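Read through the structure below, which is laid out as structure tokens, and then see the notes.
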Amino acid sequence: AQELDTARRLLDDANQRLAFIASHDALTGLANKAGFTGHIERAIAAGPSAAFALLRVRVRQPDAALGYEGAEAFIAEVARRLRGAVHEQDVPARFGGGEFALLLHSVADAAQASGACGAIGAALAEPVAIDGLPVACDFTTGITLYPRDAGDARDADTLLRHAQMALEGARMQGQGSHHFYSAQLSD
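Per my numbering, the sequence shown starts with residue 22, numbered consecutively.
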């Protein structure tokens, strides 16, 4: 009986570890796209009173001269800073490379979202030290607000697509900028 209990605990631990691996980025420990999508779906399912902001943040990768380890150290530090720039109930994620996303439960309108972008900008303003060298953290941010920007759609994929369109608008404005989704971006 004791051996069976031990085996069950080991199996439960292994299943929990596999679930974590499947839904989190290995380098940063942040949610990955699959895990993040689940967080969005749960936020939408909270009902008609649900309100949140979804941000896509693209960070320019450092120069290749820093090497693989330097690039990983840079991304890990960006992730640490993003995690520190948001509230505990908010969900940061890394989709790969320099692509990040944030689900901000603490943000319900454009003014609050702009304030959150200011906090993120402040967190990323200081250069990242890699092997004693300062590496600038150039970034842009695309924002979509729920339910304002959802239209008839009530799914994570649509909101992620809206945030991606807003991110492209921010890229056209230049580094350090943020841009809100609008229906005109879909045209």
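A virtual CB, placed ideally from N, CA and C, is assigned to each residue, including glycine. Fair warning: this is a prediction, and the values are worked out from it, not measured in the lab.
Listed as beta-bridge partners of Y167 by DSSP are F73.
Looking only at F95, F73, G139, the smallest Cα-Cα distance to L87 is reached by F95.
In this structure the stretch 189–201 lies against the stretch 153–161, because at least three pairs of beta carbons, one per stretch, are closer than 8 Å.
7 Å or more divides the Cβ of L145 from the Cβ of A74. Nearest C-alpha to I65 among A187, G190, Y167, Q205: Y167.
Fully contained in the stretch 109–185 are the following beta strand (DSSP E) runs of length 3 or more, in chain order: 112–117, 120–125, 149–151, 154–156, 160–167. The closest CA to that of T49, considering only R81, G119, A85, R77, is found on G119. For H200, the enclosing beta strand (DSSP E) starts and ends at 199–201.
In terms of Cβ geometry, R77 and Q185 form a close pair [threshold 7 Å].
DSSP places Q23 in the uninterrupted alpha helix (DSSP H) bounded by 23–44.
Sequence-distant Cβ neighbours of H108 in its own chain, meaning closer than 8 Å and more than five residues away, are L125, H126, S127. Here I141 is not near A97, since their CB atoms are 7 Å or more apart. Annotated as distal: G172 and A187, with beta-carbon spacing of 7 Å or more.
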